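A.B. asks: In this note's numbering, the protein residues as written are 11 to 335.
Think of the CB as a built atom: it goes at the ideal place given N, C-alpha and C, for glycine as much as any other residue.
Here the structure is a predicted model, which is why all the values come from computation and not from measurement.
Below is a structure I'd like to ask you about.
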Ligand SMILES: [Zn+2]
Ligand SMILES: [Zn+2]
């Protein structure tokens with residue numbers, strides 16, 4: 011694995027999914043958040059569960075705190091102990107996680123680690139979270155959504171410190187266990203997600219994808235290869251001499267739509283600038299704004315992270331988390 015820290019400034023099309031990925035689209039960050047949703051608050055517990063190097067964990071917790079997703083809490087124990095708790099902004103990532111989890115459960119028959127059953131404490135029933143339209147309440151999918159430029163559309167300067175990883179190796183995967191690991195393995199980091207997001211917006215060819223995502227050529231090639239091998243993209247030649255391919259989403263890839271929509275919503279809600287949101291989403295079926303929500307398959311109510319429990323195949327139960335103080 012090659013890690014090249016670099017501060018870069020590029021001009022790219024404003025995009026809420028990218029803004030969100032800049033903050034949370036990193037494999038360790040995703041795993042730290044997964045465990046936070048299961049009630050992990052302490053450095054040592056994360057370290058043991060994830061097998062992550064202390065320096066890496068320190069950096070990720072610092073970044074999550076600086077970005078308003080976790081808050082540090084000093085406990086009056088002897089010696090004093092620091093805990094990290096999800097903020098309101100952090101809890102709001104739960105809807106993305108639920109959509110990723112649903113995808114994982116649909117496409118991986120025998121998940122490594124524990125299978126998981128979700129219960130909505132609001133109605134007491136087992137639930138399969140669904141993407142629904144906030145205007146009409148109906149379940150929705152990629153085909154029923156249309157996009158328009160929003161008030162914040164246009165180019166923006168992106169000035170950030172990036173950890174660019176040229177490739178993801180098998181050795182990186184040994185620390186993951188339990189749910190969401192397929193998603194973290196396959197999508198790996200923000201680049202995989204960005205390509206899938208660009209594919210939903212109709213970008214198919216290498217040059218298009220590169221212009222849309224601003225990725226380095228070697229990273230884009232590597233991720234296209236991985237996403238194709240994992241059955242998320244499929245490629246078709248569109249030109250023979252020289253041979254050129256188009257990449258399109260498979261059914262498995264298209265099924266990531268709910269996760270991407272909730273990622274966009276989170277970016278819209280927490281990371282939009284004064285100009286407003288870059289893109290407006292409409293539900294074609296009812297004609298209203300999509301206002302995406304994640305709802306319970308049993309009662310139709312909106313799923314709130316404070317009203318859910320997680321039942322694992324080994325009999326253990328993850329309890330609902332208290333609200334942010
Ligand atoms: Zn609707
Ligand atoms: Zn319910």
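Taking DSSP as the reference, what is the three-state secondary structure of residue 139?
C.D. replies: Coil.
A.B. asks: Output the distance between the C-alpha atoms of residue 291 and residue 131, rounded to the nearest integer angstrom.
C.D. replies: Spanning the two alpha carbons is a distance of roughly 30 Å.
A.B. asks: Hey, could you find the ends of the beta strand (DSSP E) residue 247 is sitting in?
C.D. replies: Here the beta strand (DSSP E) through residue 247 covers 243 to 249.
A.B. asks: Comparing the CB of residue 293 with every heavy atom of ligand 1, is any distance shorter than 6 Å?
C.D. replies: Checking the Cβ of residue 293 against ligand 1 gives yes.
A.B. asks: Taking only the alpha-carbon atoms, compute the straight-line gap between residue 221 and residue 91 and give it to the nearest angstrom.
C.D. replies: Their backbone Cα atoms lie some 47 Å apart in a straight line.
A.B. asks: Should residue 179 be labelled buried (16 or more other beta-carbon atoms within 10 Å of its own) or exposed?
C.D. replies: Bear in mind that the predicted position of residue 179 carries a pLDDT of just 43, short of 50, making it too unreliable to give a figure here.
A.B. asks: Taking the alpha carbon of residue 316 as the point to measure from, which residue in 104, 296, 60, 76 has its own alpha carbon closest?
C.D. replies: Checked all of 104, 296, 60, 76; the closest Cα to residue 316 is 104.
A.B. asks: Quick check for students: name the residue ranges of the beta strand (DSSP E) that lie wholly in the stretch 29 to 108, counting only runs of 3 or more.
C.D. replies: Segments of the beta strand (DSSP E) lying fully in the stretch 29 to 108: 80 to 85, 91 to 96.
A.B. asks: Considering only DSSP beta bridges, list what residue 25 is partnered with.
C.D. replies: None, per the DSSP bridge assignment.
A.B. asks: Could you tell me whether any non-hydrogen atom of ligand 2 is closer than 6 Å to the CB of residue 159?
C.D. replies: Checking the Cβ of residue 159 against ligand 2 gives no.
A.B. asks: If contact is defined by three or more beta carbon pairs under 8 Å, each pair taking one atom from either stretch, is the stretch 46 to 58 in contact with the stretch 224 to 240?
C.D. replies: Cβ pair count under 8 Å is below three, so no.
A.B. asks: Could you work out which residue in 142, 107, 213 is closest to residue 194 when comparing CA atoms only?
C.D. replies: When only C-alpha atoms are compared, the closest one is 107.
A.B. asks: Quick check on this structure: which residue in 304, 27, 70 has the alpha carbon closest to the alpha carbon of residue 41?
C.D. replies: Cα-wise, what sits closest to residue 41 is 70.
A.B. asks: Does the beta-carbon of residue 311, which I'm using as the reference point, lie nearer than 6 Å to any heavy atom of ligand 2?
C.D. replies: Yes, the Cβ of residue 311 comes within 6 Å of a heavy atom of ligand 2.
A.B. asks: Compare the C-alpha of residue 262 against each of 45, 268, 242, 251 and name the closest.
C.D. replies: Of 45, 268, 242, 251, the residue nearest in Cα terms is 242.
A.B. asks: Starting from residue 204, trace the alpha helix (DSSP H) in both directions and tell me its first and last residue.
C.D. replies: Per DSSP, residue 204 belongs to the alpha helix (DSSP H) from 200 to 210.
A.B. asks: Distance check for residue 87 and residue 22, CA to CA, integer angstroms please.
C.D. replies: Residue 22 and residue 87: Cα-Cα distance of roughly 48 Å.
A.B. asks: Can you tell me where the alpha helix (DSSP H) with residue 287 in it begins and where it stops?
C.D. replies: Segment: none, residue 287 is in no alpha helix (DSSP H) and carries neither H nor E.
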